[in-house]
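**Student:** Which chain is which? The protein sequence lines are Y and R, in order.
The numbering of the first sequence is my numbering, which starts it at 1 and goes up by one.
The numbering of the second sequence is my numbering, which starts it at 1001 and goes up by one.
The structure under discussion is supplied below as structure tokens; questions concerning it will follow.
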Amino acid sequence: MHIIIIGCGRVGARLASLFGSAGHSVAVIDKNAQAFERLEPSFKGTRLVGIGFDRKLLMEAGIERADALIAVTNGDNTNVVAASIAIDDFHVPRVVARIADPIRAGIFAKLGITTVSATLWTSAHIYELVVSPELHNLLSVGSAGVQLYEFDVPNLIVGRKVTDLTVTGEISVVAITRRGASFVPVLATTFESGDRVLVAVDTRSITKLRSMLGLPS
Amino acid sequence: MQSLCILIVGAGKLGRESAQRLINAGHRVTLIEKDPHTAEDAREIFGEQVIQGDGCDPKVLERAGVARTQAVIALTGDDEDNLIVAELARRVFSVTHVLARVNRPDNEWLFTAKRGVDVAFSPASVVTDLIKREIDRKATGL
């Protein structure tokens, strides 16, 4: 793939490495040449100095053939403008913009830009770590209506079946990892000591899951 | 022209001069300015009509009464900010008239109706065009 990354801060530089070492063609844009010092010496992609939504620069970066554009500068507004150009004017298939402000992230997500708000993710994750240490929150699905949790099987449910932990429309056991191997269980699958379980839970049913697992709420 | 409620984002010289003229013409003007010192300067002239805050933040726009305005004018020194103000004014708050300043002529192509801008103006382009016209005029002896 050909990837354009706008903003060579910590996140941009890291993404450049990830894509570069996976063999993709990468062009990085930053308005400050010094930012490229963050890139690993092994980085073989293109470095361009300039403003991330400058048309000539984007063309030079190969936006016409880009498979993805990632806007991760420190400026929410620059990221949104660059993302909207990629989507509307150049029809880049995958576009992600980092927007720190949760409210603006919500607004622009509704206007069709895939947004990542570190503020939202980080605060949600830390909240979970404090409130729910036994349940490891892996993923917030969509706009946080569904959560994916991973946990070690408590003694309380060893010997019980997946169907006992299943609540239609609310709690669903998605995968079990047992002795290093993962599989998708059936309702009749029995929980064994040492199992690591992945469940999908409606956010409103998390307290129910906790009580079914014998965890304090 | 009827009296309008106008919101100007950016209380630099251009914002202040424009606000004054619009007030003299009988309109109600509110200014939003991000920089505390600039906002303070503007307050000395316009008092409570100046809101200190980021005009690209929907909450600040709401606080400044964007819902009641008929026109939003984005006059900051950063094109990306002006574009976001326009986008929010048009798509989130459905403001009737949206005007935006273009700081870098290379960015003019972005200030389109699709991005929420009814009128875009670029002081740099205006100056360049005027000079060209003046030179042509003298050259053809008109």
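Where a beta carbon is used, it is the ideal one built from N, C-alpha and C, also for glycine.
Owing to the predicted nature of the structure, the values given are computational and were not obtained by experimental measurement.
(1) Nearest by alpha-carbon distance to Ile-6(Y): which of Leu-57(Y), Ala-16(Y), Val-72(Y) and Gln-34(Y) is it?
(2) Of the choices Ser-193(Y), Leu-135(Y) and Gly-142(Y), whose alpha-carbon is the least far from that of Thr-114(Y)?
(3) Anything in chain R within Cβ reach of Val-72(Y), meaning under 8 Å, just list it in chain order.
(4) Classify Phe-1111(R) as helix, strand or coil using the three-state DSSP reduction.
(5) Measure the alpha-carbon distance for Phe-1121(R) versus Val-1102(R) and round it to whole angstroms.
(6) Kindly indicate the opening and closing residues of the alpha helix (DSSP H) around Glu-60(Y).
(7) If you scan the segment 1034-1082 of chain R from start to end, which runs of the beta strand (DSSP E) of 3 or more residues do you find wholly inside it?
(8) Which residues does DSSP pair with Ala-181(Y) in a beta bridge?
(9) Would you report the Cα separation of Gly-1162(R) and Asn-77(Y), rounded to the nearest angstrom?
(10) Do three or more CB pairs link the segment 144-154 of chain Y to the segment 194-214 of chain Y at distances below 8 Å?
(11) Along the segment 1090-1112 of chain R, where does the CB come closer than 9 Å to a CB of chain C? Name the residues.
(12) Excluding the 5 residues flanking Leu-57(Y) on each side, which residues of the same chain have their C-beta closer than 8 Å to its C-beta?
(13) Using the rule of at least 16 other Cβ atoms within 10 Å of the residue's Cβ for burial, across every protein chain shown, is Leu-223(Y) buried or exposed?
(14) Is Glu-1040(R) close to chain Y? Criterion is C-beta to C-beta, closer than 7 Å.
(15) Taking contact to mean 3 or more Cβ pairs, one atom from each stretch, closer than 8 Å, check whether the segment 1095-1110 of chain R and the segment 1072-1085 of chain R are in contact.
(16) List the endpoints of the continuous alpha helix (DSSP H) containing Asp-1136(R).
(17) Among all the DSSP beta bridges, which residues are the ones paired with Cys-1005(R)?
(18) Taking Ala-1067(R) and His-1097(R) to be in contact with their CB atoms under 8 Å, please state how far apart those CB atoms are, rounded to whole angstroms.
(19) Looking at the C-beta of Leu-1061(R), does it have a partner C-beta in chain Y at a distance below 7 Å?
(20) State whether the segment 1053-1061 of chain R contacts the segment 1029-1038 of chain R, with contact taken as three or more CB pairs (one from each stretch) at a distance under 8 Å.
(21) Provide the residue(s) that pair with Arg-1101(R) in DSSP beta bridges, ordered along the chain.
(22) On the DSSP bridge assignment, give the partners of Arg-98(Y) in chain order.
(23) Rounding to the nearest angstrom, what Cα-Cα distance links Asp-1040(R) and Ala-175(Y) in this structure?
(24) Please identify the residue among Leu-187(Y), Val-80(Y) and Met-1(Y) whose C-alpha is closest to the C-alpha of Ser-25(Y).
(25) Starting from Phe-19(Y) and walking both ways along the alpha helix (DSSP H), at which residues does that stretch end?
(26) Name the chain R residues that come within less than 8 Å of Asn-32(Y), Cβ to Cβ?
(27) Within this structure, are the beta carbons of Leu-1075(R) and Gly-1010(R) separated by less than 7 Å?
(28) What did DSSP end up calling Lys-44(Y) once you bin it into helix, strand or coil?
**Tutor:** On the basis of the data shown:
(1) Translated into positions along the first sequence, residue 6(Y) becomes position 6. Minimum Cα distance to Ile-6(Y) is reached at Val-72(Y).
(2) As a position in the first sequence, residue 114(Y) is number 114, starting the count at 1. Ranking Ser-193(Y), Leu-135(Y) and Gly-142(Y) by Cα distance to Thr-114(Y) puts Gly-142(Y) first.
(3) Taking the first residue of the first sequence as 1, we reach residue 72(Y) at position 72. Here the premise fails: no neighbours, minimum Cβ distance about 14 Å.
(4) Along the second sequence, read from residue 1 onward, the residue named residue 1111(R) stands at position 111. Phe-1111(R) falls in the coil class under three-state DSSP.
(5) In the second sequence, counting from the first residue as 1, residue 1121(R) sits at position 121. In the second sequence, counting from the first residue as 1, residue 1102(R) sits at position 102. Straight-line Cα distance between these residues: approximately 6 Å.
(6) In the first sequence, counting from the first residue as 1, residue 60(Y) sits at position 60. In the DSSP assignment, Glu-60(Y) falls within the unbroken alpha helix (DSSP H) covering 55-60.
(7) Given a length threshold of 3 residues, each whole run of the beta strand (DSSP E) inside the segment 1034-1082 of chain R is given here in chain order: 1050-1052 and 1071-1074.
(8) On the first sequence, residue 181(Y) is found 181 positions in, with the first residue counted as 1. Per DSSP, Arg-178(Y).
(9) Here chain R comprises residues numbered 1001 to 1142, so residue 1162(R) is not present and cannot be evaluated.
(10) Counting Cβ pairs under 8 Å, three or more are found: they touch.
(11) The structure shown contains no chain C; the protein chains it does contain are Y and R.
(12) Mapped onto the first sequence, residue 57(Y) falls at position 57. Hits under 8 Å: Ile-29, Leu-48, Gly-50 and Ile-51.
(13) Residue 223(Y) lies beyond the range of chain Y shown here (1 to 217); nothing can be said about it.
(14) For the purposes of this step, residue 1040(R) is identified with residue 40 of the second sequence, where counting begins at 1. Not one chain Y Cβ lies under 7 Å of Glu-1040(R).
(15) The segment 1095-1110 of chain R vs the segment 1072-1085 of chain R: in contact.
(16) In the second sequence, residue 1136(R) corresponds to position 136, counting from 1. Counting along the chain, the alpha helix (DSSP H) containing Asp-1136(R) begins and ends at 1123-1139.
(17) Working through the second sequence from its first residue, we reach residue 1005(R) at position 5. According to DSSP, residue pairing for Cys-1005(R) in a beta bridge involves Arg-1028(R).
(18) Taking the second sequence and counting its residues from 1, the one referred to as residue 1067(R) is at position 67. Taking the second sequence and counting its residues from 1, the one referred to as residue 1097(R) is at position 97. With a beta-carbon spacing of about 15 Å, Ala-1067(R) and His-1097(R) fall beyond the 8 Å limit used to define contacts.
(19) In the second sequence, the residue the question calls residue 1061(R) occupies position 61. So no, Leu-1061(R) is outside the interface.
(20) Flag = yes, the segment 1053-1061 of chain R and the segment 1029-1038 of chain R touch.
(21) Here residue 1101(R) is taken as the residue at index 101 of the second sequence, counted from 1. Its beta-bridge partners are Phe-1121(R).
(22) Here residue 98(Y) is taken as the residue at index 98 of the first sequence, counted from 1. According to DSSP, which records beta bridges pairwise, Arg-98(Y) is partnered with Val-116(Y).
(23) Locating residue 1040(R) in the second sequence gives position 40, counting from the first residue. Locating residue 175(Y) in the first sequence gives position 175, counting from the first residue. Asp is not the amino acid found at residue 1040(R); the sequence shown has Glu there. A straight line joining the alpha-carbon of Glu-1040(R) with that of Ala-175(Y) spans about 59 Å.
(24) Within the first sequence, residue 25(Y) is the residue found at index 25, counting from 1. When only C-alpha atoms are compared, the closest one is Met-1(Y).
(25) Residue mapping note: residue 19(Y) aligns to position 19 of the first sequence, counting from 1. 10-21 is the span of the alpha helix (DSSP H), which, as asked, contains Phe-19(Y).
(26) Taking the first sequence and counting its residues from 1, one reaches residue 32(Y) at position 32. Under the 8 Å cutoff, chain R gives no residues; its nearest Cβ is about 16 Å from Asn-32(Y).
(27) The sequence position of residue 1075(R) within the second sequence is 75, counting from 1. The sequence position of residue 1010(R) within the second sequence is 10, counting from 1. The Cβ-Cβ distance between Leu-1075(R) and Gly-1010(R) falls below 7 Å.
(28) The residue labelled residue 44(Y) in the question sits at position 44 within the first sequence. Reduced to three states, the DSSP call for Lys-44(Y) is coil.
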